[in-house]
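**Student:** What the sequence shown shows, in the UniProt record's numbering, is residues 1 to 415, in sequence order. First the structure, which I've put down as structure tokens, then a few questions once you've had a look.
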Amino acid sequence: MALDTSPESPAPVRQIANAIGGWIDKLGAVWVEGQVAQMSRRPGMQTVFLTLRDSVADISVPVTCTRFLLDSLNPPLVEGASVIIHAKPSYYANRGTLSLQARDIRPVGLGELLARLEQRRQLLAAEGLFAAELKRPLPFLPTTVGLVTAANSAAERDVLENAKRRWPRVRFEVAYAAMQGTRSAADVVEKLQRLDRDPDVDVIVIARGGGSVEDLLPFSDEHLIRAVHAARTPVVSAIGHEPDSPLLDLAADVRASTPTDAAKLVVPDVVEEQRIVATGRDRLRGGIAALIHREQTLLDALRSRPVLADPRSLIDARRDEVTSLRDRARRTVGHALDRAADDIGHHRARARALSPLETLRRGYAVAQDADGHVLTSVTDAAEGATVSIRVADGRLAATITSTEKTEPTKDDADD
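Listed below in structure tokens is the structure:
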């Protein structure tokens, strides 16, 4: 029912907003088909926000649903999925926005296909087939590169031409296989296993040009994924272009964004390697030259020292020093010997002064009886007895004719 308005009696915004809300409420619940363009889960909220985009026109509408509804979907809903939603339109008058409150969500068409692929991805990931620790490094310079691709395809030309341009002597073992269709997955698996058994093949590239999701389905085949996981040879996935991402990209050891990128990954660039070798050689030469120059400078500095310029000068100086020390030692020893000789002379003179022989030389004599006893008193010998008198230079034999005893004087007592 149209509103009765005019320039003289316009309707306020709230009336228009409430009228729009009322008209939308009369629409009731509807089934809507579209593609999930965006999905947002906000922490702590039980409401999930989606953006549903029309598959033809550039039109989108926000959708809300409960977290329970979204989590109950199997396979899980992913962005890009085509879906049919049973929802009730709602108009928020305060913000002037329209949204759909989803009550049921059903994947359809391509969306259902992507959902199945996502479910397969989750199952294979849970088995560990995509684990990062299982990825093997590519050889630096493979003896032979195995290539699985379609015969006379652009992907084959891209890989071969770019690889040979980078490393002209690279050798390829090409195994042609159907790269799309119902037999594609089994054919690729067969060629992959054949190349994997070849001992000369060091790396295997699976290459195909881009295509639709349906065209790339064989490269998300579970049998192919398991064959790549079981291969002993490193595998490079070069399927499609940058936006394309089949499950093979996750299972392969290395993912190449394009077949051309795969050629750059499997062989080095001969020009770049030559540059690296030349740079390394120049650095090595420079290092050796610097080392030689440093050692030569050190050697020249050593040779310029007087001791090395004339080694005999050091010997002569040391010889003069040894001679001076020897003369000093001789003088010191001579002085010490002289002092020792003087001391010996003094001690000898003192010893001689105390010797009985010296006493005899001063005129004294020692009288002994026939038995050799020293006579110290006149009473020790009788008259007529024979005595021996010891003088400085010999003995005298005498006979006592008489004896006379004298009293000691004061001087004798003092002595």
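For each residue, glycine too, the CB sits at the ideal point set by N, CA and C.
#1: From Ala-155 to Lys-135, what distance separates their C-alpha atoms?
#2: In angstroms, rounded to a whole number, what distance separates the CA positions of Ala-87 and Leu-27?
#3: What residue range is occupied by the uninterrupted beta strand (DSSP E) comprising Val-148?
#4: Tell me whether Ile-239 is buried or exposed, calling it buried when 16 or more other Cβ atoms sit within 10 Å of its Cβ.
#5: Near Lys-164, which residues of its chain fall below 8 Å by C-beta distance, leaving aside the five closest residues on each side in sequence?
#6: Is it the case that the Cβ atoms of Ala-392 and Arg-361 are separated by a distance below 7 Å?
#7: Give the single residue among Glu-222, Val-159, Asp-253, Asp-371 whose Cα lies nearest to the Cα of Ala-231.
#8: With a cut-off of 8 Å, do at least 3 Cβ pairs link the region 357-375 to the region 383-390?
#9: Does the Cβ of Thr-379 have 16 or more other Cβ atoms within 10 Å, making it buried, or fewer, making it exposed?
#10: Let's test the definition: count the other Cβ atoms within 10 Å of the Cβ of Asp-342 and tell me whether it reaches 16, buried, or not, exposed.
#11: Can Val-205 and Ala-262 be called in contact, C-beta distance under 7 Å?
#12: At what residue ranges does the region 25-106 contain a whole run of the beta strand (DSSP E), taking only runs of 3 or more?
#13: Tell me the DSSP secondary structure of Phe-219 in three-state form.
#14: Let me check understanding here. Comparing Cα to Cα, which of Ile-16, Cys-65, Ile-59 lies closest to Met-45?
#15: Give a yes or no on whether the C-beta atoms belonging to Pro-75 and Glu-127 are separated by under 7 Å.
#16: Look at Ala-177 and Pro-259 and say whether their C-beta atoms are less than 7 Å apart.
#17: Identify every residue that forms a DSSP beta bridge with Thr-386.
#18: What did DSSP end up calling Val-213 once you bin it into helix, strand or coil?
#19: Just how far apart, CA to CA, sit Arg-328 and His-335?
#20: May I have the straight-line CA-CA distance separating Arg-103 from Leu-52, to the nearest angstrom?
#21: Which runs of the beta strand (DSSP E) at least 3 residues long sit entirely within the region 234-272? Give them in chain order.
#22: In its own chain, which residues sit with a C-beta less than 6 Å from the C-beta of Ser-184, not counting the 5 before and 5 after it?
#23: Does the distance from the CB of Ile-85 to the CB of Val-36 come in under 7 Å?
#24: Do Lys-78 and Leu-124 have their C-beta atoms closer together than 7 Å?
#25: Looking only at its own chain, which residues have a Cβ that is under 8 Å from the Cβ of Leu-375, when we skip the five neighbours before and after it?
#26: Closest by CA to Thr-233, which one among Trp-167, Thr-279, Thr-144?
#27: Near Val-63, which residues of its chain fall below 6 Å by C-beta distance, leaving aside the five closest residues on each side in sequence?
#28: Rounded to whole angstroms, how far is the Cβ of Leu-98 from the Cβ of Ile-24, which I believe are closer than 8 Å?
#29: For Arg-121, does the count of other Cβ atoms within 10 angstroms reach 16, so buried, or fall short, so exposed?
#30: Going along the chain, which residues of its own chain have a beta-carbon closer than 6 Å to the beta-carbon of Gly-146, five neighbours each way excluded?
#31: Can you tell which of Ser-304, Ser-257, Arg-116, Arg-42 has its C-alpha closest to the C-alpha of Glu-222?
#32: Got a sec? Which residues, its chain only, sit under 6 Å from Leu-314 by beta carbon, not counting five neighbours each side?
#33: Can you round the beta-carbon distance between Val-267 and Leu-160 to whole angstroms, since I take them to be within the 8 Å contact cut?
#34: Per the DSSP calculation, Gly-287 is bridged to which residue(s)?
#35: Anyone know if the C-beta pair for Asp-215 and Gln-180 falls short of 7 Å?
**Tutor:** According to the structure data:
#1: Position 155 of the sequence shown, counted from the start, is the residue given in the question as residue 155. Position 135 of the sequence shown, counted from the start, is the residue given in the question as residue 135. Cα to Cα, Ala-155 sits roughly 24 Å from Lys-135.
#2: Here residue 87 refers to the residue found at position 87 of the sequence shown. Here residue 27 refers to the residue found at position 27 of the sequence shown. Spanning the two alpha carbons is a distance of roughly 11 Å.
#3: What you label residue 148 is simply residue 148 of the sequence shown in a count that begins at 1. Note, Val-148: beta strand (DSSP E), 144-149.
#4: In the sequence shown, the residue the question calls residue 239 occupies position 239. By the neighbour-count rule (16 or more Cβ atoms within 10 Å), Ile-239 is buried.
#5: Taking the sequence shown and counting its residues from 1, one reaches residue 164 at position 164. Closer than 8 Å at Cβ, skipping near neighbours: Val-170.
#6: In the sequence shown, residue 392 corresponds to position 392, counting from 1. In the sequence shown, residue 361 corresponds to position 361, counting from 1. Yes, they are a contact pair.
#7: Start at 1 with the first residue of the sequence shown, and residue 231 comes out as number 231. Checking every option, the nearest Cα to that of Ala-231 belongs to Asp-253.
#8: yes
#9: Here residue 379 corresponds to residue number 379 of the sequence shown, with the count starting at 1. Under this definition Thr-379 is an exposed residue.
#10: Looking up residue 342 in the sequence shown gives position 342. Answer is exposed; the Cβ neighbour count stays below 16.
#11: The residue you call residue 205 lines up with position 205 of the sequence shown. The residue you call residue 262 lines up with position 262 of the sequence shown. It is a contact, given that the beta carbons lie within the stated cut-off.
#12: 30-41, 47-53, 60-66, 82-92
#13: Translated into the one-based positions of the sequence shown, residue 219 becomes position 219. Helix at Phe-219.
#14: Here the question's residue 45 lines up with position 45 in the sequence shown. Here the closest residue by C-alpha is Cys-65.
#15: Here residue 75 refers to the residue found at position 75 when the sequence shown is read from its first residue. Here residue 127 refers to the residue found at position 127 when the sequence shown is read from its first residue. No. Outside cutoff.
#16: Taking the sequence shown and counting its residues from 1, the one referred to as residue 177 is at position 177. Taking the sequence shown and counting its residues from 1, the one referred to as residue 259 is at position 259. Cβ distance not < 7 Å, so Ala-177 and Pro-259 don't count as in contact.
#17: In the sequence shown, the residue the question calls residue 386 occupies position 386. Thr-399.
#18: Working through the sequence shown from its first residue, we reach residue 213 at position 213. Coil at Val-213, not helix or strand.
#19: Here residue 328 corresponds to residue number 328 of the sequence shown, with the count starting at 1. Here residue 335 corresponds to residue number 335 of the sequence shown, with the count starting at 1. Looking at the two C-alpha atoms, the distance is approximately 11 Å.
#20: Indexing the sequence shown from 1 puts residue 103 at position 103. Indexing the sequence shown from 1 puts residue 52 at position 52. Spanning the two alpha carbons is a distance of roughly 14 Å.
#21: 235-239
#22: Translated into the one-based positions of the sequence shown, residue 184 becomes position 184. Cβ neighbours of Ser-184 beyond the five flanking positions: Ala-178, Pro-218.
#23: Numbered from 1 along the sequence shown, position 85 holds the residue referred to as residue 85. Numbered from 1 along the sequence shown, position 36 holds the residue referred to as residue 36. Result no, Cβ atoms of Ile-85 and Val-36 do not sit closer than 7 Å.
#24: In the sequence shown, counting from the first residue as 1, residue 78 sits at position 78. In the sequence shown, counting from the first residue as 1, residue 124 sits at position 124. The residue asked about is misnamed: residue 78 is Val in this sequence, not Lys. Not closer than 7 Å, so no.
#25: Position 375 of the sequence shown holds residue 375. The residues are Ala-367, Gln-368, Asp-369, Ala-381, Val-387.
#26: As a position in the sequence shown, residue 233 is number 233, starting the count at 1. Cα-wise, what sits closest to Thr-233 is Thr-144.
#27: Residue mapping note: residue 63 aligns to position 63 of the sequence shown, counting from 1. Closer than 6 Å at the Cβ level, and outside the excluded window around Val-63, lie Leu-50, Leu-52, Leu-100, Ala-102.
#28: Translated into positions along the sequence shown, residue 98 becomes position 98. Translated into positions along the sequence shown, residue 24 becomes position 24. So it is a contact: roughly 7 Å between Cβ atoms.
#29: As a first step, residue 121 must be located in the sequence shown, where it is residue number 121. Answer is buried; the Cβ neighbour count reaches 16.
#30: In the sequence shown, the residue the question calls residue 146 occupies position 146. Hits under 6 Å: Glu-173, Leu-195, Val-201, Ile-204.
#31: Here residue 222 corresponds to residue number 222 of the sequence shown, with the count starting at 1. Here the closest residue by C-alpha is Arg-116.
#32: One-based indexing of the sequence shown puts residue 314 at position 314. Here the set comprises Val-307.
#33: In the sequence shown, residue 267 corresponds to position 267, counting from 1. In the sequence shown, residue 160 corresponds to position 160, counting from 1. With a Cβ gap of about 11 Å, Val-267 and Leu-160 do not count as contacting.
#34: Here residue 287 refers to the residue found at position 287 when the sequence shown is read from its first residue. Per DSSP, none; premise fails for Gly-287.
#35: In the sequence shown, the residue the question calls residue 215 occupies position 215. In the sequence shown, the residue the question calls residue 180 occupies position 180. Cβ atoms of Asp-215 and Gln-180: closer than 7 Å.
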